[in-house]
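*Asks:* Before we start, here is the structure in question, set down as structure tokens.
Number of protein chains: 2
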Amino acid sequence: MFIEIKTNSSVPIYLQLAHQLIEGIVRGELKPGDSLPSVRAFAADLGMNMHTVNKAYHYLEEKEFIQIVAKSGVFIQPNGIPGATVIEKQQLKEQMRPLLAEGLVLKLSEEEMVKMLHELVQDIKEGKP
Amino acid sequence: MFIEIKTNSSVPIYLQLAHQLIEGIVRGELKPGDSLPSVRAFAADLGMNMHTVNKAYHYLEEKEFIQIVAKSGVFIQPNGIPGATVIEKQQLKEQMRPLLAEGLVLKLSEEEMVKMLHELVQDIKEGKP
DNA sequence: CACTTTGCTCTATTACTTATAGAACAATTG
DNA sequence: CAATTGTTCTATAAGTAATAGAGCAAAGTG
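Going line by line, the protein sequences match chains W and V. All residue numbers in the first sequence are consecutive under the UniProt record's numbering, ending with 129. All residue numbers in the second sequence are consecutive under the UniProt record's numbering, ending with 129.
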């Protein structure tokens, strides 16, 4: 897994890390049961603080994408990640809404935004930056 | 314009206000040249601070959706809002990416997400919450 | 068993964001 | 002229983000 953090981004680096791990799962680079680096090793590897990696892990644990086993290690959800619940779909829509509204105000058509969605899904699946 | 602020939301209220004004523009409730309430009047109306409304206004001004004329008032971009630039499209995609990645990890298909996009566009245009 | 590794917890500091508050300024507007 | 306007300034409080270092207790390993 190649992780790249933009230190000047407005997106917190713990979130950047979490997002890239999510993409790794989508791409199948990280499979159910796979172990993730220890918070210390990962932090040293990425040149960031242990607590920041820990925060990313807990963010992913809350979403049930990974399992944190105290005094043992961190693993991609061993039983596989379950499908989206109604609530999760609703939350996704809530987060997408202001972005689409901004697109519409900039005169983007629904078709153009669907095209953007398609390109993004391709990029994510292929690991394109 | 009916504005509704969720005080317990993790989304800052100045952003919630800005988002809802953007939707108002999309719906045509706010037309080019229309004047927006003064920061003081709007703040009193919404039960929030003058500075918070001011922050929302400046957020929208930076995106060139409104024009702030010092000592005069605030207006929806009089000449109409220009279409999305390449950079704006790129920024939108950057912001959408982690949401789509999360959808994919939750086993949502591209078709399902296109459907969500469609429903959202409808909701925005119809002013559905 | 002894040692290392592990995630967890605690205290601390720094910088930034969010939100509120009040006051004053200067130009526009009626 | 008087009220309204966005701007600017200082101030405070709470929260987040990121770093730092130390210690703990249990799991894992040789």
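Glycine included, C-beta positions come from ideal geometry on N, C-alpha and C.
(1) Measure from the alpha carbon of Pro12/V to the alpha carbon of each residue in Ile22/V, Lys55/V, Met50/V, then state which is nearest.
(2) Note down the Cα distance separating Pro32/V from Phe75/V, rounded to an integer number of angstroms.
(3) Closest by CA to residue 198/V, which one among Glu111/W, Leu106/W, Pro98/W, Gln122/W?
(4) Relative to chain W, which residues along the UniProt domain "HTH gntR-type" (11-79) of chain V have a C-beta separation below 7 Å, given in chain order?
(5) Which residue marks the beginning of the beta strand (DSSP E) containing Phe75/V, and which one marks its end?
(6) Check whether the region 44-52 of chain V and the region 98-115 of chain V are in contact - that is, three or more C-beta pairs closer than 8 Å.
(7) Assess, as a yes-or-no matter, whether the region 70-87 of chain V is touched by the region 56-65 of chain W under the definition of 3 or more beta carbon pairs within less than 8 Å.
(8) Taking Pro78/V as the reference, which of Ile25/V, Ile5/V, Gln91/V has the closest Cα?
(9) Pick out the complete alpha helix (DSSP H) segments inside the region 51-106 of chain V, 4 residues or longer, and give them in chain order.
(10) Return the first residue and the last residue of the alpha helix (DSSP H) that Met116/V is part of.
(11) Taking only beta-carbon atoms, is Ile3/W less than 8 Å away from chain V?
(12) In angstroms with no decimal places, state the Cα-to-Cα distance between Leu60/V and Phe42/V.
*Replies:* For this structure:
(1) Lys55/V
(2) 8 Å
(3) The question about residue 198/V has no answer here: the residues shown for chain V are numbered 1 through 129.
(4) His19, Ile22, Glu23, Ile25, Val26, Phe65
(5) 73-76
(6) no
(7) no
(8) Ile25/V
(9) 86-105
(10) 110-126
(11) no
(12) 15 Å
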